[in-house]
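Accompanying notes for the structure given below.
There are 2 protein chains.
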Amino acid sequence: MAKKNTLKYVILGLLRQHDLTGYDIKKLFSCEIGDFWNSKHSQIYPELKKLEEEHLITSRMEISGKKLEKTYYMIKSAGIDALDKWLSDPLDEIQPTRDDFTLKLYFIDHRHDQRIKNLFSEEILRHQKKFDYLSARMGELFSSRENQEQNFGHYLILKKAILRENTQLKWLKDEYRSLKNN
Amino acid sequence: MAKKNTLKYVILGLLRQHDLTGYDIKKLFSCEIGDFWNSKHSQIYPELKKLEEEHLITSRMEISGKKLEKTYYMIKSAGIDALDKWLSDPLDEIQPTRDDFTLKLYFIDHRHDQRIKNLFSEEILRHQKKFDYLSARMGELFSSRENQEQNFGHYLILKKAILRENTQLKWLKDEYRSLKNN
DNA sequence: GGAGACATGTAATGCGTTACATGATTTG
DNA sequence: CAAATCATGTAACGCATTACATGTCTCC
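Order-wise, the sequence lines are chains A and B.
If you read the first sequence in full-length UniProt numbering, its first letter stands for residue 1, the second for the next number, and so on.
If you read the second sequence in full-length UniProt numbering, its first letter stands for residue 1, the second for the next number, and so on.
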């Protein structure tokens, strides 16, 4: 987990698409990108400065309104090279999910422990919300075939996430039902 | 990620089942527990000492062979209380997957980029291996109905993980096929 | 004019990895 | 008797969160 500095490549990837401020990047993590990555602004701003020192990105200042300074960052060719290299690197070992539903469930031994039902009903709510959000985004972003082709990776990961949530929800509801009938 | 100290509860949960050495705990992370949690020994040993200082666990020394000292840790009632409290706490927000396949895929825009095929074939191998392992474990541990009942949480999380890998693999193979036919 | 969003920073702390370090035991 | 595994530790470092801190702009 530590020592990979994945945020670096997430930022480079986002900046390859558009010039962005730190604040813009932060906001992107609250949309479907949040399904696979998140970082706080307190980590993003220093990382942007570091990338600029490494000459992978540059910045330009813009004034918005009377005096609000916004710093837009732009990717440089060395940044694109670094991103491309990372994209071609072999994948790591699969990481543990570290998901707290699974974690807690593992430590409850008895079928009739009331806490299992509580865990399931909480988990169903969490995932229902996520499923609804992702489905809505799919509709907004990729109802046209053209958009699917133009951001193919994004389209695929969204499809993947929706399938995951759908399968998961179905399983959760099935098990929850059979827990109640016992 | 930081600031939760989940390892603490993982250790308490494991120690509630059996007395264990730090080395035993490390080894458990290489079996199906590794699907949802992993820590290095360099984090486990200090954490065990910390838990002992907090009076949640105690230890006893055993000599194995001539002079090899093994420290077994045992959970105390305060430890069980802490574990139970954690099990009843509401679940956190769903965390981002931070999975590098998804991450990389997101940043590849064009359907015909060769790197998409490479990513998929690597990912299929990773997940096939995992699926095979989990399925084997299911057979070893839970072929008897009795074992399913006695470690019900463990049984459920294994079932869940196998379903996840199975669904994922099916999707990966489908997409991979349609990528090649283009 | 106030609430809420926009916008950018730093400091303290802790989780987690990598690397360094040592010795005992088992197995072939 | 050597290699692999068992067994336990510490140190350095970096990723990540929480909290502290400040000021601007937009919209009602």
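Ideal placement from N, C-alpha and C gives every residue a C-beta, glycine not left out.
Treat the numbers as computed from the prediction; the structure is a model and nothing was measured.
Inset, instruction - Can you tell me which of the three DSSP states B/ARG60 falls into? - result: strand
Inset, instruction - Give the DSSP bridge partners of A/ILE75, in chain order. - result: A/ILE57
Inset, instruction - May I ask you to list the residues that DSSP assigns as paired with A/GLU69? - result: For A/GLU69, the beta-bridge partners assigned by DSSP are A/ILE63.
Legend entry - Own chain, CB closer than 7 Å to A/ARG177, minus 5 neighbours either side, in chain order: none
Inset, instruction - Let me know the secondary structure DSSP gives A/LEU20 once reduced to three states. - result: strand
Legend entry - Residue nearest to A/LEU119 in terms of C-alpha spacing, selected from A/ASP99, A/PHE131, A/LEU134: A/ASP99
Inset, instruction - Tell me whether the beta-carbon of residue 187 of chain B lies closer than 8 Å to the beta-carbon of A/PHE152. - result: Any property of residue 187 of chain B remains undetermined from this structure, which presents chain B solely from 1 to 182.
Legend entry - Proximal chain A residues relative to B/TYR106, where beta-carbon distance stays under 8 Å: The contacting residues are GLY13, ILE33, PHE36, GLY153, HIS154, ILE157.
Inset, instruction - Confirm, please, whether the CB-CB distance from A/LEU163 to B/TRP86 is below 8 Å. - result: no
Legend entry - Under 8 Å by beta carbon: chain B residues contacting A/LYS130: ILE94
Inset, instruction - May I ask you to verify whether the segment 42-60 of chain B touches the segment 7-25 of chain B, counting CB pairs closer than 8 Å and requiring at least 3? - result: yes
Inset, instruction - Give a yes or no on whether 8 Å exceeds the smallest Cβ distance from A/SER88 to chain B. - result: Closer than 8 Å: yes.
Legend entry - Inter-residue Cα distance where the pair is A/PHE107 and A/ASP35: 26 Å
Inset, instruction - Just mark A/TYR9 as buried or exposed, buried being the case when its beta carbon has 16 or more other beta carbons within 10 Å. - result: buried
Legend entry - Residues near A/TRP37 by beta carbon distance below 8 Å, same chain, minus five either side: THR6, LEU7, VAL10, PHE29
Inset, instruction - Starting from B/ARG137, trace the alpha helix (DSSP H) both ways and give me its first and last residue. - result: 114-142
Legend entry - CB-CB length for A/LEU158 against A/HIS127, believed under 8 Å: Not a contact, Cβ separation roughly 16 Å.
Inset, instruction - Find out if the Cβ-Cβ distance for the pair B/THR167, A/THR102 is shorter than 8 Å. - result: no
Inset, instruction - Specify the secondary structure class of A/PRO96 as computed by DSSP and reduced to three states. - result: coil
Legend entry - Sequence-distant residues of its chain with Cβ nearer than 6 Å to B/LYS117 (five each side left out): The beta carbon of B/LYS117 sits closer than 6 Å to those of LEU179, all from its chain and outside the five residues before and after it, given in chain order.
Inset, instruction - Buried or exposed for A/GLU123, please, with buried defined as at least 16 other CB atoms from any protein chain shown within 10 angstroms of its CB. - result: The residue in question, A/GLU123, is buried, as its Cβ has 16 or more Cβ neighbours within 10 Å.
Inset, instruction - For A/GLU146, decide whether its Cβ has a neighbour in chain B, counting only Cβ atoms nearer than 8 Å. - result: Among the residues facing chain B, A/GLU146 is not included, as its CB has no counterpart in that chain under 8 Å away.
Legend entry - For A/ARG111, the first and last residue of its enclosing alpha helix (DSSP H): Run containing A/ARG111: none; DSSP gives neither H nor E here.
Legend entry - Residues that A/ARG126 contacts on chain B, provided the C-beta gap is smaller than 7 Å: LEU91, ILE94
Legend entry - Beta carbon proximity, B/LEU134 to chain A, threshold 8 Å: no
Inset, instruction - Answer with yes or no whether the minimum CB distance from A/LEU163 to chain B is below 8 Å. - result: With 8 Å as the cut-off, A/LEU163 counts as an interface residue toward chain B.
Inset, instruction - Determine the direct distance from the alpha carbon of A/HIS154 to that of B/ASP109, and round the result to whole angstroms. - result: 7 Å
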